[in-house]
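Note sheet for the following structure.
Number of protein chains: 2
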Amino acid sequence: MSFNSQPHASPPATGLPSQVVSFQSSRAGYLAPRIACNTCNMHELCMPVGMSFEEVEKLNELISVRKRVKRGAALYRSGEEFSALYAIRTGFFKTVVNAEDGHEQVTGFQMAAEVLGLDGINTNRHTCHAIALEDSDVCVVPFGKLEELAHDLPVFQRQIHRMMSREIVREHSVMLLLGSMRADARLAAFLIDMVQRLHSRGYSSHELVLRMTREEIGSFLGLKLETVSRMFSKFVEEGIIEVKQRHVVIVEPEALNAIVHHHP
Amino acid sequence: MSFNSQPHASPPATGLPSQVVSFQSSRAGYLAPRIACNTCNMHELCMPVGMSFEEVEKLNELISVRKRVKRGAALYRSGEEFSALYAIRTGFFKTVVNAEDGHEQVTGFQMAAEVLGLDGINTNRHTCHAIALEDSDVCVVPFGKLEELAHDLPVFQRQIHRMMSREIVREHSVMLLLGSMRADARLAAFLIDMVQRLHSRGYSSHELVLRMTREEIGSFLGLKLETVSRMFSKFVEEGIIEVKQRHVVIVEPEALNAIVHHHP
DNA sequence: CGACCGTTTGATAGTGCTCAATTCAAGTGG
DNA sequence: CCACTTGAATTGAGCACTATCAAACGGTCG
Chain A
1 MSFNSQPHAS PPATGLPSQV VSFQSSRAGY LAPRIACNTC NMHELCMPVG
51 MSFEEVEKLN ELISVRKRVK RGAALYRSGE EFSALYAIRT GFFKTVVNAE
101 DGHEQVTGFQ MAAEVLGLDG INTNRHTCHA IALEDSDVCV VPFGKLEELA
151 HDLPVFQRQI HRMMSREIVR EHSVMLLLGS MRADARLAAF LIDMVQRLHS
201 RGYSSHELVL RMTREEIGSF LGLKLETVSR MFSKFVEEGI IEVKQRHVVI
251 VEPEALNAIV HHHP
Chain B
265 MSFNSQPHAS PPATGLPSQV VSFQSSRAGY LAPRIACNTC NMHELCMPVG
315 MSFEEVEKLN ELISVRKRVK RGAALYRSGE EFSALYAIRT GFFKTVVNAE
365 DGHEQVTGFQ MAAEVLGLDG INTNRHTCHA IALEDSDVCV VPFGKLEELA
415 HDLPVFQRQI HRMMSREIVR EHSVMLLLGS MRADARLAAF LIDMVQRLHS
465 RGYSSHELVL RMTREEIGSF LGLKLETVSR MFSKFVEEGI IEVKQRHVVI
515 VEPEALNAIV HHHP
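Residue numbers (the numbering used here), protein chains in the order written: chain A, 1 to 264; chain B, 265 to 528.
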């Protein structure tokens, strides 16, 4: 099960160390006024297939604006007007929906090379918050211009359709998790998903640093934070993982898989 | 909360009686070989805004193929190649995802004027089953041709984007339900959603006939069928609804609303 | 160092699941 | 036409799982 199937089997992004996520990633010069899309380390997102030089130029123009979002700050909030999609360059986000009664729930966690904002297309207003869980920066992609570019590049248009379809399929997986798995299976699936997504970005395949609290994990998984904590402790007791605060080492990946697929 | 926000506030489809769903709807002549899109009773889906005569002609060509699906049969199945979207003309469907371990879960119920197949765009293969819960017929919309038409009609392109975004937002609502509501609130929300969607199609606003079993409702809501049945009984005892098999009358809509929004 | 936030752990209660028995509705065939 | 079959729905009893409430612990940062 994957909560965020990557676009194709994207190679690890350049410049990222093939090891565990570091708390403070150096980003000196990262926000220099002019970084072309073709030198961006997530360009597989924007340029799915062969694109001519002229086309790349258009793309450069399209997403020349970037934005920093401080940890804890919102990239956008529910109710705000929708104007652009956001491609995450570096950092980590959560998306949160809120019910009328004030109750909130995390609907997903997003990392580099993933896209935020698709929820706003429908009504031209965002329907969830996008909150940075660490200092992040994103490419701002004005949606009107994106549609123009897509119009000129059918293959790019298809890529946008695929991106939205992928999000729909991802949410199917989450629904399956929320509707049919028990607490231990939910957390196991969550850990597998996170480490896989990080691995595809060049990080370790068995080690990760969580960017969110137990409460946020619980909100996403439909559990209370105490239950999340208990499941972590259970996995540690069973020797399946090692946990030091938010640093998690997966010792027995197969055991995690078995828990996900084991039915009561 | 809505699990399937309609495209704008669409007027009731023509030809549908403004009363409870009938078990056997007459559809004599419905599948006559040539029914133009502009006489189709769900054309608000296809033609969001002013469209010229020529444009309507293109559209007619696009979706001239229709398909009947018998109750219990699959419109498509997970793993099958994706080639088209399907606009439901009449009938009722469920979509079902299946985990590797064989476990299945209903991810949604679809009725007339709603679209099936968006899950297949991503990988060119469907990732869920679409099963008819009653004899249905659908317009087959070849996706390649749809993209061509969208290319010629930017406003139509936008409509497709909105449709996909709407599905993403709908699934957020389901995640909220599955992640944070108790059994009674889930069923109450489900009933409200169903009756609202039917009402927007010209049916009663307080009475409905369910097309799915208790087990299918439970699968969608993340509950066991016995729990669904018990919640029905509870609502009946409390005088909120009346139930005769799959025929449901909502006596106290406000009470249902209160149950959805009431937090423990 | 102390305050605070996040996390862990324990005890208890509630909610929904499991297993099982009936009831009900709608066919089906003698 | 009625006994029989079948699938769906209801209802009950006991239990498993997760939430709740509460307390203690630990790391971080002013």
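Ideal Cβ positions, reconstructed from N, Cα and C, are used throughout, including at glycine.
According to the neighbour-count rule (16 or more other Cβ atoms, all chains shown, within 10 Å of its Cβ), is residue i buried or exposed?
i: B:G343; result: exposed
i: A:A73; result: exposed
i: B:K334; result: exposed
i: A:G239; result: exposed
i: A:A130; result: buried
i: B:T477; result: exposed
i: A:E91; result: Residue identity differs from the one stated: residue 91 of chain A is Gly in this sequence, not Glu. Buried: at least 16 other Cβ atoms inside 10 Å.
i: A:D101; result: exposed
i: A:E254; result: exposed
i: B:S469; result: exposed
i: B:E431; result: buried
i: B:S497; result: exposed
i: A:F220; result: buried
i: B:V419; result: exposed
i: A:V248; result: buried
i: A:V65; result: exposed
i: B:F499; result: buried
Spell out the partners DSSP gives residue i in its beta bridges.
i: A:Q134; result: Looking at the sequence shown, residue 134 of chain A is not Gln but Glu. A:F92.
i: A:R125; result: A:E81
i: B:H415; result: For B:H415, which the question treats as bridged, DSSP gives no partner whatsoever.
i: B:H351; result: For the sequence presented, residue 351 of chain B should be read as Ala rather than His. B:V379, B:C403.
i: B:V459; result: Paired residues: none, contrary to the question.
i: A:V97; result: A:Q105
i: B:H425; result: Per DSSP, none; premise fails for B:H425.
i: A:H172; result: For A:H172, which the question treats as bridged, DSSP gives no partner whatsoever.
Identify whether residue i lies in helix, strand or coil by the three-state DSSP scheme.
i: B:V500; result: helix
i: A:P264; result: coil
i: B:M495; result: helix
i: A:F82; result: coil
i: B:R430; result: helix
i: A:E252; result: coil
i: A:P207; result: What sits at residue 207 of chain A in the sequence shown is Glu, not Pro. A:E207 falls in the strand class under three-state DSSP.
i: B:F287; result: Residue confidence for B:F287 is low, a pLDDT of 29 falling below 50, so the modelled location carries little weight and cannot support an answer.
i: A:N60; result: helix
Just to confirm the assignment, what range does the beta strand (DSSP E) spanning residue i have?
i: A:L75; result: 74 to 76
i: B:G372; result: 368 to 375
i: A:R68; result: 65 to 69
i: B:E506; result: 505 to 508
i: B:E378; result: Note, B:E378: premise wrong, no beta strand (DSSP E); not H, not E.
Which one of the options has the shortest CA to CA distance from residue i?
i: A:L256; options: A:H199, A:R186, A:I121, A:V97; result: A:R186
i: A:A84; options: A:G218, A:Q196, A:G117; result: A:G117
i: A:K244; options: A:F143, A:I160, A:L208; result: A:L208
i: B:K409; options: B:H367, B:E398, B:Q421; result: B:Q421
i: B:F373; options: B:H527, B:M458, B:H511; result: B:M458
i: B:E378; options: B:S464, B:M445, B:M495; result: B:S464
i: B:C403; options: B:L417, B:N388, B:V419, B:A376; result: B:A376
i: A:T227; options: A:D184, A:K58, A:E61; result: A:D184
i: B:R341; options: B:N362, B:V438, B:Y467, B:E516; result: B:N362
i: B:E398; options: B:E480, B:F357, B:G466, B:V438; result: B:F357
i: A:I217; options: A:V174, A:V251, A:L75, A:H262; result: A:V174
i: A:M231; options: A:A87, A:I259, A:V96; result: A:I259
i: A:H262; options: A:L149, A:A189, A:C128, A:M164; result: A:A189
i: A:L59; options: A:K224, A:A150, A:K234, A:E215; result: A:A150
i: A:R182; options: B:R389, B:L487, B:I352, B:I327; result: B:L487
i: A:R170; options: A:P154, A:T107, A:T127, A:V251; result: A:T107
i: A:E57; options: A:L153, A:S180, A:P264; result: A:L153
i: A:H270; options: A:T95, A:F235, A:I63, A:E104; result: Nothing in the structure corresponds to residue 270 of chain A, since chain A is present only between 1 and 264.
i: A:P142; options: A:I121, A:S136, A:H161; result: A:I121
i: A:R68; options: A:R89, A:S180, A:S165; result: A:R89
For residue i, report the span of its alpha helix (DSSP H) as first-last.
i: A:G218; result: 214 to 221
i: A:R201; result: From DSSP, A:R201 is part of no alpha helix (DSSP H); its letter is neither H nor E.
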